[in-house]
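Peer 1: The numbers in my numbering rise by one with no breaks, and the one at position 199 of the sequence shown is 233. The C-beta atom is built at its ideal place from N, Cα and C for all residues, glycine as well.
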Amino acid sequence: MCGFCGVIGPSRIALADAVAEMARTLEHRGPDDFGTWDAEFRAAGGDLHRIALGHTRLSILDLSPLGHQPMLSEDGAVALVYNGEIYNYRALREELRRRGLPFRSGTDSEVLLQAWRTWGLDALPRLVGMFAFAVWDGSQRQLLLARDRIGIKPLYWRLAEGVLSFGSELRALRRHPGFRAEIDRGALGRYLRRGYTSGTETIYRHVHRLPPGGWLLWEDGRLREGRYWSLEESAREARVSSFPEAVDRLEALLGDAVESRLVSDVPLGAFLSGGVDSSAVVALMRERARGPVRTFSIGFRERAFDEAPFARGVAKHFGTEHTELYVEREHAVEAARSVADVWDEPFADSSAIPTLLLSRLTREHVTVALSGDGGDELFGGYDRYAKLVRLEGLLRLPGPVRRALVAARPLIPSRSLRNGLRHVRGGSALEAAESLVSHFAPEILRAACGERGARPVTRFGEAFQAARADQDLLRRFMVADAATYLPDDILTKVDRASMSVGLEARVPLLDHRGVEFALGLPRSILWESGRTKAPLRELLYRRVPRRLIERPKQGFGIPLHTLLAEELRSWTAHYLAPQRLAEEGLFDPGGVQQLVAAARGADRMATTRLWCLLCFERWFARTHRAERDV
Numbered sequence: 035m036c037g038f039c040g041v042i043g044p045s046r047i048a049l050a051d052a053v054a055e056m057a058r059t060l061e062h063r064g065p066d067d068f069g070t071w072d073a074e075f076r077a078a079g080g081d082l083h084r085i086a087l088g089h090t091r092l093s094i095l096d097l098s099p100l101g102h103q104p105m106l107s108e109d110g111a112v113a114l115v116y117n118g119e120i121y122n123y124r125a126l127r128e129e130l131r132r133r134g135l136p137f138r139s140g141t142d143s144e145v146l147l148q149a150w151r152t153w154g155l156d157a158l159p160r161l162v163g164m165f166a167f168a169v170w171d172g173s174q175r176q177l178l179l180a181r182d183r184i185g186i187k188p189l190y191w192r193l194a195e196g197v198l199s200f201g202s203e204l205r206a207l208r209r210h211p212g213f214r215a216e217i218d219r220g221a222l223g224r225y226l227r228r229g230y231t232s233g234t235e236t237i238y239r240h241v242h243r244l245p246p247g248g249w250l251l252w253e254d255g256r257l258r259e260g261r262y263w264s265l266e267e268s269a270r271e272a273r274v275s276s277f278p279e280a281v282d283r284l285e286a287l288l289g290d291a292v293e294s295r296l297v298s299d300v301p302l303g304a305f306l307s308g309g310v311d312s313s314a315v316v317a318l319m320r321e322r323a324r325g326p327v328r329t330f331s332i333g334f335r336e337r338a339f340d341e342a343p344f345a346r347g348v349a350k351h352f353g354t355e356h357t358e359l360y361v362e363r364e365h366a367v368e369a370a371r372s373v374a375d376v377w378d379e380p381f382a383d384s385s386a387i388p389t390l391l392l393s394r395l396t397r398e399h400v401t402v403a404l405s406g407d408g409g410d411e412l413f414g415g416y417d418r419y420a421k422l423v424r425l426e427g428l429l430r431l432p433g434p435v436r437r438a439l440v441a442a443r444p445l446i447p448s449r450s451l452r453n454g455l456r457h458v459r460g461g462s463a464l465e466a467a468e469s470l471v472s473h474f475a476p477e478i479l480r481a482a483c484g485e486r487g488a489r490p491v492t493r494f495g496e497a498f499q500a501a502r503a504d505q506d507l508l509r510r511f512m513v514a515d516a517a518t519y520l521p522d523d524i525l526t527k528v529d530r531a532s533m534s535v536g537l538e539a540r541v542p543l544l545d546h547r548g549v550e551f552a553l554g555l556p557r558s559i560l561w562e563s564g565r566t567k568a569p570l571r572e573l574l575y576r577r578v579p580r581r582l583i584e585r586p587k588q589g590f591g592i593p594l595h596t597l598l599a600e601e602l603r604s605w606t607a608h609y610l611a612p613q614r615l616a617e618e619g620l621f622d623p624g625g626v627q628q629l630v631a632a633a634r635g636a637d638r639m640a641t642t643r644l645w646c647l648l649c650f651e652r653w654f655a656r657t658h659r660a661e662r663d664v
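Written as structure tokens, this is what we have:
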């Protein structure tokens, strides 16, 4: 795992020093090595251009200096900077060796470099792994940026006045001397709806996120974009004749995925919550590991949030070397104060706090950790999926009947029906799904942001509409979640938390072959006998007693209002002060004060909305006002 950055543009721009400064902002991602490289070349029209690349390395494979980056080909024509792991690099290396290509190191980086030289863009579909990289081919005057299929590893870019800059995190781009920090009002509104920015947009105007499965090619000053893989298009119906066959195929796919992710030249372990997903990963890991397996978990004193006893039970069953940390208030407060610095962009998923604490604990013992992320999105585990399915009947009602029920909603005695009607006011499946995943209803968002910040179209909605028309409502919801929430929230959370301490997190459930299979399973198999995530549960039941796993879903959350009650009050008074908001001009002070008043009652959704506002304002204060935390 690493961090990288680069700039390419007319030679009048002094690049080497700028890229070195950009790279130094990423040293937390790669504390083991640092390198820069630059070169001058002539574009097709004869104008002089320069390219500069920077890299910080976390050494995982071949710890020798042969893995140093930027990595150059023997003739110096090709230069690579890369973040991630190519899990099938050994097979690719053998194929390339048979073609007569030499190798000096045991790294997957060199395999990636030679793959580009041999196959060009056609190399991308051959790669199995998590990655983002930039490769410069001087002989072709081409620079390629590419990202893995699922979006596990990040990559941002900006084109301004003919200069292309890019990097693993926004902080690297901001360090470029030509950067202009213009807040995108539409992106800000969409951030509030979900608690993160999504798709190709970022919080800044003219700064983009490369999409999962996407590539960007610079050639003589012109840009071309493309996709070599799309989750929406790849989620085709799986051909399985029975539930046992589905479990057998899943077991084979996940077994191979876990085994390939055990390759490492440094100590390795696993996150373990005791839930289905992480327990399945540890179970398969224990069967394939050559030595003892190390597992790590955290717990809370509040029983409603405490999964540590369940993790302890699973660890004991598999005989792992288990380490746990119970989160005290001071731990949570310190981690909450770090969110704005670690994520370096507006990010309001409160589970970032325990994820950061877990990453810190794990890094004290190992350098690589396997994680169970992705199971809910792939196998229908979230409560919101079942809620949307229950709404299908209401959505089929004639418009006048549904509108009459919505109007009479306060008088309806059934609480579940009242809640359901709240989500179907618009009458379409898309609007119902958007309602289920949004923190802010449109009218509340307009009160806080005004019309410019409350645009209705979101990346989730685009993915929901792009899902195959022949898929049922559940599958379209899951595909939209996997295309947006998974890379832009869950994987962003894990990447920033783990890389902030130089820990590599690997996610075997998100091997793209398993993703394609899982999202192609029919509802009857995903929820066989009324059990959510039934195939994954059955795989686990072949290895553990059901009593260790069967319990109501908790999620990886924290008692936010309890742990941060004092901080929520002081941060609210400081960061959401009406005069401060009026000076910034991003939020309506009166609308925000209404939200603050609602949050005083400790209502969970009101607290979530308050947290979204605070996370943005604290990030803005530290990034744009250079303020220290209060």
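I need the boundaries of the alpha helix (DSSP H) containing N453, first residue and last residue.
Peer 2: Counting from one through the sequence shown, the residue named residue 453 turns up at place 419. Here the alpha helix (DSSP H) through N453 covers 449-457.
Peer 1: Taking 7 angstroms as the cut-off, is the CB of L537 close to at least one heavy atom of the ligand HEM?
Peer 2: The model on display carries no ligand, and the ligand HEM is accordingly not part of it.
Peer 1: What separation, rounded to the nearest whole angstrom, lies between the Cα atoms of A366 and T389?
Peer 2: Residue 366 sits at position 332 when you count from the first residue of the sequence shown. Residue 389 sits at position 355 when you count from the first residue of the sequence shown. Using only the alpha carbons, I get a separation of about 11 angstroms.
Peer 1: Residue range of the beta strand (DSSP E) that G248 falls in?
Peer 2: Your numbering for residue 248 matches position 214 in the sequence shown. Here the beta strand (DSSP E) through G248 covers 248-253.
Peer 1: Count Cβ pairs between the stretch 86-93 and the stretch 48-65 that sit closer than 8 angstroms; are there 3 or more?
Peer 2: With three or more CB-CB distances shorter than 8 angstroms, the stretch 86-93 counts as touching the stretch 48-65.
Peer 1: Using a threshold of 8 angstroms, state whether the C-beta atoms of L620 and I120 are closer than that.
Peer 2: Looking up residue 620 in the sequence shown gives position 586. Looking up residue 120 in the sequence shown gives position 86. Contact: no.
Peer 1: Considering only their Cβ atoms, is the gap separating R192 from L207 smaller than 8 angstroms?
Peer 2: By one-based count along the sequence shown, residue 207 stands at place 173. By one-based count along the sequence shown, residue 192 stands at place 158. Contact flag set, yes.
Peer 1: What are the uninterrupted segments assigned as alpha helix (DSSP H) that are 4 or more residues long and contained completely in the stretch 226-312, given in chain order?
Peer 2: Entirely contained in the stretch 226-312, the alpha helix (DSSP H) runs reaching 4 residues are, in chain order, 265-268, 277-294.
Peer 1: T354 lies in the beta strand (DSSP E); which residues open and close that run?
Peer 2: Sequence index remark: in the sequence shown, residue 354 carries index 320 (1-based). Neither: T354 is in no beta strand (DSSP E) and is coded neither H nor E.
Peer 1: Looking at the structure shown, is Y575 part of a helix, part of a strand, or coil, going by DSSP?
Peer 2: Walking along the sequence shown from the start, residue 575 turns up at place 541. Correct three-state label for Y575: helix.
Peer 1: Report the residue from A616, R132, R643, R133 whose alpha carbon sits nearest the alpha carbon of I478.
Peer 2: The sequence position of residue 478 within the sequence shown is 444, counting from 1. Residue R643 is the option with its Cα nearest to I478.
Peer 1: Roughly how many angstroms lie between the CA atoms of T401 and S275, to the nearest whole one?
Peer 2: By one-based count along the sequence shown, residue 401 stands at place 367. By one-based count along the sequence shown, residue 275 stands at place 241. The alpha-carbon atoms of T401 and S275 are separated by roughly 41 angstroms.
Peer 1: Relative to the C-alpha of A57, which candidate in Q103, S93, L82, S98 has its C-alpha closest?
Peer 2: Within the sequence shown, numbered from 1, the residue matching residue 57 stands at position 23. Looking at the Cα atoms, Q103 is the closest of the given residues.
Peer 1: Under 8 angstroms between the Cβ atoms of V145 and Y116?
Peer 2: The residue given as residue 145 occupies position 111 in the sequence shown. The residue given as residue 116 occupies position 82 in the sequence shown. No, they are not a contact pair.
Peer 1: How should D410 be labelled, buried or exposed, when 16 other C-beta atoms within 10 angstroms of its C-beta is the threshold for buried?
Peer 2: Position 376 of the sequence shown, counting from 1, holds the residue named residue 410. So D410 counts as buried.
Peer 1: Nearest to R362 by alpha carbon, out of P278, G333, E259?
Peer 2: In the sequence shown, counting from the first residue as 1, residue 362 sits at position 328. Arg is not the amino acid found at residue 362; the sequence shown has Glu there. Minimum Cα distance to E362 is reached at G333.
Peer 1: Give the range of the beta strand (DSSP E) segment to which I42 is assigned.
Peer 2: Indexing the sequence shown from 1 puts residue 42 at position 8. I42 -> beta strand (DSSP E) spans 36-44.
Peer 1: If you draw a straight line from the C-alpha of W377 to the C-alpha of L507, how long is it?
Peer 2: Stepping through the sequence shown from its first residue, residue 377 is reached at position 343. Stepping through the sequence shown from its first residue, residue 507 is reached at position 473. W377 and L507: Cα-Cα distance of roughly 33 angstroms.
Peer 1: Check the C-beta distance from V41 over to L198 and give it rounded, since I have them as a contact under 8 angstroms.
Peer 2: Within the sequence shown, residue 41 is the residue found at index 7, counting from 1. Within the sequence shown, residue 198 is the residue found at index 164, counting from 1. Confirmed, Cβ separation roughly 7 angstroms.
Peer 1: How would you call A438, buried or exposed, if buried means at least 16 neighbouring beta carbons within 10 angstroms?
Peer 2: For the purposes of this step, residue 438 is identified with residue 404 of the sequence shown, where counting begins at 1. Exposed, by the Cβ-count rule.
Peer 1: Please name the residue, chosen from S268, A314, T141, that lies closest to S298 on a Cα-to-Cα basis.
Peer 2: The count along the sequence shown starts at 1 and reaches residue 298 at position 264. The candidate whose alpha carbon is nearest that of S298 is T141.
Peer 1: Tell me the start and end of each unbroken alpha helix (DSSP H) in the stretch 602-644 that is at least 4 residues and wholly inside, in chain order.
Peer 2: Counting only runs of 4 or more residues that sit fully inside the stretch 602-644, the alpha helix (DSSP H) segments are 612-618, 623-633, in chain order.
Peer 1: Roughly how many angstroms lie between the CA atoms of L95 and R452, to the nearest whole one?
Peer 2: By 1-based counting over the sequence shown, the position of residue 95 is 61. By 1-based counting over the sequence shown, the position of residue 452 is 418. Annotation: L95 to R452 spans about 55 angstroms, alpha carbon to alpha carbon.
Peer 1: For the stretch 540-549 and the stretch 254-262, state whether three or more C-beta atom pairs, one from each stretch, are separated by less than 8 angstroms.
Peer 2: no
Peer 1: For A78, which residues in the same chain have their Cβ closer than 8 angstroms to its Cβ, ignoring the five residues on either side in sequence?
Peer 2: One-based indexing of the sequence shown puts residue 78 at position 44. Only R175, D254 meet the Cβ criterion.
Peer 1: Apart from the five residues just before and just after W263, which ones in its own chain have a Cβ nearer than 6 angstroms to its Cβ?
Peer 2: For the purposes of this step, residue 263 is identified with residue 229 of the sequence shown, where counting begins at 1. Counting only Cβ-Cβ distances below 6 angstroms, and skipping sequence neighbours, we find R183, G247.
Peer 1: Can you give the Cα-Cα distance for E11 and E74, rounded to whole angstroms?
Peer 2: What the structure shows of the chain is the stretch from 35 to 664, and residue 11 is not part of that stretch, so it cannot be assessed.
Peer 1: Between the Cα of R456 and the Cα atoms of R480, L429, A482, which residue gives the shortest distance?
Peer 2: Counting from one through the sequence shown, the residue named residue 456 turns up at place 422. Closest by alpha carbon: L429.
Peer 1: In chain order, which alpha helix (DSSP H) runs of at least 4 residues are fully inside the stretch 410-449?
Peer 2: Runs found: 417-424, 426-429, 433-441.
Peer 1: Quick check on I217: does DSSP put it in helix, strand or coil?
Peer 2: Position 183 of the sequence shown holds residue 217. Annotated three-state conformation of I217 is strand, per DSSP.
Peer 1: If you draw a straight line from the C-alpha of A386 to the C-alpha of S372, how long is it?
Peer 2: Within the sequence shown, residue 386 is the residue found at index 352, counting from 1. Within the sequence shown, residue 372 is the residue found at index 338, counting from 1. If you take the alpha carbons of A386 and S372, they lie about 10 angstroms apart.
Peer 1: Given this structure, state the Cα-to-Cα distance separating R151 from E129, to the nearest angstrom.
Peer 2: By 1-based counting over the sequence shown, the position of residue 151 is 117. By 1-based counting over the sequence shown, the position of residue 129 is 95. C-alpha separation (whole angstroms): 13 angstroms.
Peer 1: Can you list, in chain order, the residues of its chain whose CB lies under 7 angstroms from that of L92, leaving out five sequence neighbours each side?
Peer 2: Within the sequence shown, the letter at position 58 stands for residue 92. So the qualifying residues of the chain are M35, C36, R63, G64, P65, D66, G536, E538.
Peer 1: Whole angstroms is fine: what's the gap from A221's alpha carbon to T492's?
Peer 2: Stepping through the sequence shown from its first residue, residue 221 is reached at position 187. Stepping through the sequence shown from its first residue, residue 492 is reached at position 458. When rounded, the distance between both Cα atoms is 9 angstroms.
Peer 1: Quick check: what's the CA-CA separation for R634 versus R580?
Peer 2: For this step, residue 634 is matched to residue 600 along the sequence shown. For this step, residue 580 is matched to residue 546 along the sequence shown. Near 41 angstroms, if we compare the C-alpha coordinates of R580 and R634.
Peer 1: Just how far apart, CA to CA, sit A113 and C649?
Peer 2: In the sequence shown, residue 113 corresponds to position 79, counting from 1. In the sequence shown, residue 649 corresponds to position 615, counting from 1. Distance between the alpha carbons of A113 and C649 is about 38 angstroms.
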